[in-house]
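Quick note on this note's numbering: the sequence shown kicks off at 35 and runs consecutively. Below is one structure; the comments refer to it alone.
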Amino acid sequence: MNTIQMNLFDYFYEDESFTIKEATEVINTVKDMKVNDESVRARIYEGVERGIFSKISRGVYQVTSQIKGKETRCLLINGDGRDLSSIPDKSIDGIVTDHPYSLVKSLKGGNRNFAKYELFRYEQNDFTEKKTCIKRGSFPC
35 MNTIQMNLFD YFYEDESFTI KEATEVINTV KDMKVNDESV RARIYEGVER
85 GIFSKISRGV YQVTSQIKGK ETRCLLINGD GRDLSSIPDK SIDGIVTDHP
135 YSLVKSLKGG NRNFAKYELF RYEQNDFTEK KTCIKRGSFP C
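Pasting the structure below:
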C-alpha cells in the first residue's frame, strides 16, 4: 500500500518528530508522489485522528508507535513464509502464517479442482526456519 500516511509512517518511524514541510518534501522528493502541500497536511491531520501520528506542537508531529503503552511494530510479508532469511535471528515475537502450498499444482483447468492434501504438509525445515527468527518463548503459528 503506497499511501501518503504509510509512507510518512515508514519514513519517520524512528524520528523524534517531523514537520509538515519535511513530510511534504519526503512525499514529493523521496517517494516521488508529486502531491500538493494541502493534501499532505490533510493526510497528517487524518493520521492524527486515526492515531497514526501525534501532534507535538504547531506544525510538528511524530509517528505514534504505542499500543496500550507498549512499543509495537507489525511486519506483513506477502510471499513464501518458508524463507525468512531476511529477518534477523531472535528478532520477532510471533509469526502467523498460512500453510505451505503450491498454487500452480493446486488448480486444475477451468473447474478449479482442489489440490491433494500432500501439497499442504508442513516439513520440519518449515518450523526450523521460523524458529531462527522468533524470540525465545514465542510461538510460530
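Glycine included, each C-beta is placed from N, C-alpha and C at the ideal position.
**Request:** Between the Cα of isoleucine 38 and those of Ile54, Ile61 and Ser88, spot the shortest distance and give me the residue it belongs to.
**Result:** Ile61
**Message:** Are the CB atoms of threonine 53 and valine 18 within a distance shorter than 8 Å?
**Reply:** Absent from the model: residue 18. The displayed extent of the chain is 35 to 175, so no value can be given.
**Message:** My assumption, with CB atoms under 8 Å, is that glycine 115 sits in contact with threonine 98. Please give the rounded CB distance.
**Reply:** Contact flag wrong, Cβ pair sits at about 28 Å.
**Request:** Going by CA-CA distance only, name the one from Asp49, Lys65, Tyr95 and Gly128 that's closest to alanine 76.
**Result:** Tyr95
**Request:** Return the residue from the list Lys169, Ile90, Asp127 and Asn41 that minimises the CA-CA distance to aspartate 66.
**Result:** Asn41
**Asked** Taking C-alpha atoms, which residue in Leu118, Glu83, Ile90 and Thr63 lies nearest to glutamate 50?
**Response** Ile90
**Request:** Would you tell me roughly how many angstroms separate the C-alpha atoms of phenylalanine 46 and phenylalanine 87, rounded to the nearest one?
**Result:** 10 Å
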